[in-house]
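Everything on this sheet refers to the single structure shown next.
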C-alpha cells in the first residue's frame, strides 16, 4: 500500500493498463482451456461408450446368433468403426464376479475396485488413469448381466495442451505489446500535457499575475482545467489589486485628519497664544479626531462583517419592523430627508415577513442604504418598497438622485471607492461594501441599478425564515 | 364563487403590474381566479407536436423572477386571490380565442391601457387584437410608472414600480 501511494499517477495508470491486459488475456486463456478440456473428455467418453455397446452387441448378442451374423457384424465394426489408439476391451459376466476375485480382476484390468462397484450400482462409470480413459457399462442380455469395459489412450489431450500453451504464449505476447502501446499513448496524450500545464503554472507568481496559461492545443478536459485556472488567476489578480487599493486608500483616509491635527498643533505651538486661540485649536483637533474615530469604527465594522471573526447573534425578526426603525432613525438624524415606506405589496400574512438575522447589523445596512439615497438625491423623496414571495423578502430602495455613472457600477463595492459625481457630498465609501457584507452574511443578495442623474435603485433580497407553513 | 379573469402576459414582470393595479383598485371586493395567458405559436414540426407538452414549455418560459413576482402579489392579496395560473393560448382566429374564453369560463379580461407587448419569448404573439374583439366584459387598467427606464425583463424591482392607477 505504501509502495502504491508512493508511485505517481502516471506509473499507476500504466501499471494498471499493463496488468489488466495481461490478466484479461490469461483469464480468457484459462477459461477456454478448461472448457475445451471438459468438452474433449466428454466427447472421448462418449466415443468409448459407443465402443462398449458395439463390443457388447458383437460379442454377447453375437454369441447367441449364427456365425454369419457375427462375421457380418465384425466386418462392419472393422470397416466403419476404427479402433482407438491402444484400445483394450473387456467383457466380464457379473455372476462370476464376487468379493473374492473382484480385487484380482480389477488389478489385472488396471482399474480400482470402486470402478466396478459404480458400474454395478449406476450401470455406467468413467475412470481416468494417466492418458488412459476407461468407460464401463452394465449390459443385460437374456437375463444375464455383463460388465463391458473399453479403454483407450486419449491422444487429444496431449495435443490440445501443447497447442493451447503455444496459443496462450502468443496471446500474452500480443497483450504485452498492446499494453506497452497504450501506456505509451496515455503518457503522451494525458500525462505529458498535464506536466506541461504544471510547468506553465509554476512560472506564475505574485509578480506576474497578469500571465495566463495557453490552452490552444489540449483536449477538452484539459482545456476546461486551464480555463478554470485562468479564471481563478483573474479573480486573484482582481482581489490583489483591490487589496492594494484598499490599503493605500485606507492609509490616505486615515492620514488626512492626522496631518491636519499635526499641522494645527505645530502652528499653535510655534509661539505663545491667547486662551481663545488654544480653545479654537483644541476644537479643531477634537473635530478631526472625531472624524478619525468614525472612520476607524466604520473600518472595524467592515472587517468584522467581512471576515466573520466573531459569531453574531441571529434571531427571528420582522423585516417591516426593522425598516420602520431605520426610517425613524434616519428622520431623527436628518430631519430634511423624506422617506416614503411603500407598503402596497406588504403581504397580508406576517409569517411572510419573518427572517432570521442580526438586528443590529441589518439596521446598520438599511440605515446606510436609505440615508445614502437621501443624501445623494438632495433630500428628494426616497421610496422604500417591500414585498415577499414564498421564499424571500424583497426590499427596494429607490431615489431620484445623482445616480452612478455606468462605467463605475463595477467598482461600487470596493471599499473607499467613491463615484466621480460625488465630489460635493461627504462620505468615506464604506457604507455600500459594509451593507453588502451584512446582506451576504444573511445569505441574501443585493443588486444596484442606476442611471447617472436619474436615480439609483437598490434591491435587497433576504431569505424568509419559514418557507412552508 | 370566485370570478375568473384573464390577463394577457408576455412573461415580463411589468405585465404583472396590471394584476397588481387591478387588485389594488378592486380593494378586496371580490375573489378571483386569475389566468395569465400568453399567445404562443405552436411548432409545425411533426416531431415537436408528437412530444408536445404544455408543462414543459411553461417551465422553460417562466423565469424565477416572474414566479417570485407572482408570489409577491399572491402574498399581498392572499384574501382576494383564489388562484393564479399561467397558460398558453395557441390559435390563429378570433373564434378559437372565443372558445378558449368559454372553455376557461372567463368572466372578464383585464388589460393594461398602454402596456406594450414585448416578444421576450420566442414564438409568442400579442393577444390585444383578439381581446378587443372578444365578447366578454373588458376592464382597462391605466397606471403610471414611477420611473421610466429600460429594464431587463427579469428585474424584480419592476413590480414595485407603479405609482397607483387612475381611470
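Chains as they are written, first to last, in the working numbering: chain A, -16 to 452; chain B, 369 to 535. In this text, a Cβ means the ideal position worked out from N, Cα and C, and glycines have one as well.
Here the C-alpha atom of residue 505(B) lies approximately 24 Å from the C-alpha atom of residue 381(B). Of the candidates 466(B), 421(B), 475(B), 475(B) places its Cα closest to the Cα of residue 400(B). Put simply, of 486(B), 479(B), 488(B), 496(B) the residue whose alpha carbon is nearest the alpha carbon of residue 461(B) is 496(B). Residue 86(A) and residue 95(A) have their C-alpha atoms roughly 8 Å apart.
In the three-state reduction of the DSSP assignment, residue 30(A) falls in the helix class. Looking at the DSSP output, residue 444(A) shares a beta bridge with 377(A), 428(A). Each of 390(B), 410(B), 429(B), 375(B) was checked against the Cα of residue 499(B), and the nearest Cα belongs to 375(B). Looking at the DSSP output, residue 451(B) bridges to 401(B). A straight-line Cα-Cα distance of about 15 Å links residue 324(A) and residue 336(A). Nearest Cα to residue 384(A) within the set 359(A), 157(A), 377(A): 359(A). Taking a beta-carbon distance threshold of 9 Å, residue 332(A) counts as an interface residue toward chain B. Around the C-beta of residue 14(A), fewer than 16 other C-beta atoms lie within 10 Å, and the residue is accordingly described as exposed. In the three-state reduction of the DSSP assignment, residue 111(A) falls in the strand class, which pools E and B. Pairwise C-beta distances place the region 337 to 348 of chain A out of contact with the region 314 to 323 of chain A, as fewer than three of them are shorter than 8 Å.
Under the 9 Å criterion on CB atoms, residue 393(A) is classed as non-interfacial with respect to chain B. Around the CB of residue 381(A), 16 or more other CB atoms lie within 10 Å, so the residue is classed as buried.
Taking 9 Å as the CB threshold, residue 427(A) stays off the interface with chain B.
Residue burial is scored here from C-beta neighbours: residue 54(A) has fewer than 16 other C-beta atoms within 10 angstroms and is therefore classed as exposed. Within the model, the alpha-carbon separation for residue 237(A) versus residue 179(A) is close to 47 Å.
In the structure shown, the three-state DSSP call for residue 325(A) is strand. The beta carbons of residue 205(A) and residue 198(A) sit closer together than 9 Å.
Minimum Cα-Cα distance from residue 226(A) among the listed residues 209(A), 400(A), 166(A), 442(A) corresponds to 400(A). 9 Å or more divides the Cβ of residue 39(A) from the Cβ of residue 157(A). Counted as a single uninterrupted DSSP element, the stretch harbouring residue 238(A) is not any beta strand (DSSP E) but the alpha helix (DSSP H) occupying residues 203 to 252.
Taking a C-beta cut-off of 8 Å against chain B, the contacting residues of the region 321 to 347 of chain A are 325, 327, 328, 329, 330, 331, 332, 335, listed in chain order. Beta-bridge analysis with DSSP links residue 121(A) to 130(A). In this structure, residue 391(B) keeps its C-beta atom at 9 Å or more from the C-beta atom of residue 468(B).
Proximity of chain B to residue 439(A) at the Cβ level (cut-off 8 Å) is not reached, the minimal Cβ distance being about 11 Å. Neighbours of residue 447(B) in chain A, taken as residues at a C-beta separation under 9 Å, are given in chain order as 331. Taking C-beta atoms as the reference points, residue 528(B) and residue 379(A) count as a pair closer than 9 Å.
With a threshold of 16 other beta carbon atoms within 10 Å, residue 240(A) meets it and is buried. The Cβ of residue 370(A) sits closer than 9 Å to at least one Cβ of chain B. For residue 442(B), there is no enclosing beta strand (DSSP E); the residue is found in the alpha helix (DSSP H) stretching over 432 to 444.
Neighbours of residue 373(A) across chain B, judged by C-beta separation under 7 Å: 439. Residue 431(B) places its beta carbon 9 Å or farther from that of residue 440(A). DSSP places residue 354(A) inside the alpha helix (DSSP H), whose first and last residues are 342 to 359.
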